[in-house]
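Residue numbers (the numbering used here): 1 to 234.
Heads up, the beta-carbon is just placed ideally off N, CA and C, and yes, glycines get one too.
No experiment lies behind these values; they were computed from the predicted model shown.
This report concerns only the one structure given below.
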Amino acid sequence: MKKLVVLSGAGMSAESGVSTFRGAGGLWDKYPVEQVATPEGYAADPGLVINFYNERRRQLLKVEPNRGHKLIAELEKEFDVTVVTQNIDNLHERAGSSKIIHLHGELTKVCSSFSPYDPRYIRELDPEEYEIKLGNLAPDGSQYRPYIVWFGEAVPKIEEAIRSVEQADIFLIIGTSMNVYPAAGLLNYVSSRTPVYLIDPNEVSVNSNGHKIHVIRKVASEGMEELTTLLTAK
Ligand code: OAD
1 MKKLVVLSGA GMSAESGVST FRGAGGLWDK YPVEQVATPE GYAADPGLVI NFYNERRRQL
61 LKVEPNRGHK LIAELEKEFD VTVVTQNIDN LHERAGSSKI IHLHGELTKV CSSFSPYDPR
121 YIRELDPEEY EIKLGNLAPD GSQYRPYIVW FGEAVPKIEE AIRSVEQADI FLIIGTSMNV
181 YPAAGLLNYV SSRTPVYLID PNEVSVNSNG HKIHVIRKVA SEGMEELTTL LTAK
């Protein structure tokens with residue numbers, strides 16, 4: 001089976017009703033990124049940051065995977081698919097994808113404020129626990145914090161993502177503005193012989209590093225319909 005590696009971003013979930021980050025109406029317009037997505041913002045006002053992610057979790061309960069997520073999951077019938085996602089939602093999982101690397105963490109998990117990467121303190125929340133409060137403590141006595149990789153923090157899953165990307169026979173970039181590193185740099189690890197596809201309704205400026213990119217300028221669902229036909233045509 002050929003190995004298909006997908007790099008997804010916020011645009012993947014846009015048709016499910018999840019806001020993207022950049023551009024008009026994006027989340028970073030409404031919430032200053034330094035307040036809600038940096039360790040300094042969390043240190044300054046943990047309650048505000050915890051509430052921001054509580055709100056994102058409440059939203060998660062109201063949204064569903066879209067056709068784009070489902071088509072990626074369906075490609076597992078013909079390809080060995082790994083999804084490397086920058087998204088913190090669980091829509092790829094709920095659509096049925098089985099191999100997912102969450103580069104920027106997961107909304108449905110919490111971790112220790114002292115040692116955010118320590119696996120002993122990373123815990124999956126049941127939906128009834130989605131409202132984290134100040135005073136909810138990890139077993140090391142620290143406040144439970146969202147299991148999210150904030151700006152300025154290390155991206156521990158990048159090594160696993162690089163290993164996967166290096167072995168890709170086909171690489172797909174979908175719904176990401178390719179602004180945030182190290183995720184955007186993953187293309188550098190794709191073999192020059194590997195076909196690269198990019199699905200986005202808007203122009204994305206990519207440092208293509210010699211790759212010829214097949215651009216499908218459509219939203220995720222329609223772009224995935226087109227790509228599925230291209231990849232599965234016998
Ligand atoms: P962005 O908000 O930067 O980019 C979203 C991309 O999705 C843009 O290129 C849009 O054109 C595209 N888009 C919009 N609607 C779409 C649709 N229906 N179908 C397909 N594409 C669509 O989001 P990311 O690139 O994911 O990190 O942002 C990367 C990281 O920056 C995020 O993981 C987050 C953010 O700050 C953290 O919070 C650490």
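In this structure, the C-beta of residue 9 approaches the ligand OAD to less than 7 angstroms from one of its heavy atoms. The three-state reading of DSSP puts residue 119 in helix, counting H, G and I together.
Excluding its 5 nearest sequence neighbours in each direction, residue 215 has C-beta neighbours in its own chain below 7 angstroms: 198, listed in chain order. Secondary structure of residue 69 (DSSP, three-state): helix.
Per DSSP, the continuous alpha helix (DSSP H) segment holding residue 164 begins and ends at 158–166. The continuous stretches of alpha helix (DSSP H) do not include residue 85, which lies in the beta strand (DSSP E) extending over residues 80–85. Around the CB of residue 65, 16 or more other CB atoms lie within 10 Å, so the residue is classed as buried. Assignment of residue 50 by DSSP, reduced to helix, strand and coil, places it in the helix class. Beta-bridge partners assigned by DSSP to residue 94: none are found. When the five nearest sequence neighbours on each side are left out, the beta carbons in the same chain lying within less than 6 angstroms of the beta carbon of residue 21 are those of 10, 27 and 28, in order along the chain.
No heavy atom of the ligand OAD is found nearer than 7 angstroms to the CB of residue 140. One thing to note: residue 103 has its Cβ no nearer than 8 angstroms to the Cβ of residue 69. Burial check for residue 44: the Cβ neighbour count within 10 Å stays below 16, so the residue is exposed.
If you compare the alpha carbons of 38, 88, 149 and 143 with that of residue 8, the shortest gap goes to 88.
Burial of residue 144 is indicated by the presence of at least 16 other C-beta atoms within 10 angstroms of its C-beta. Residue nearest to residue 217 within the set 164, 93, 117 and 203 is 203 (criterion: CA-CA distance). Residue burial annotation: residue 127 is exposed, with fewer than 16 other C-beta atoms found within 10 angstroms of its C-beta.
Only buried fits residue 106, as 16 or more other CB atoms lie within 10 angstroms of its CB. Here DSSP, grouped into helix, strand and coil, assigns residue 7 to strand.
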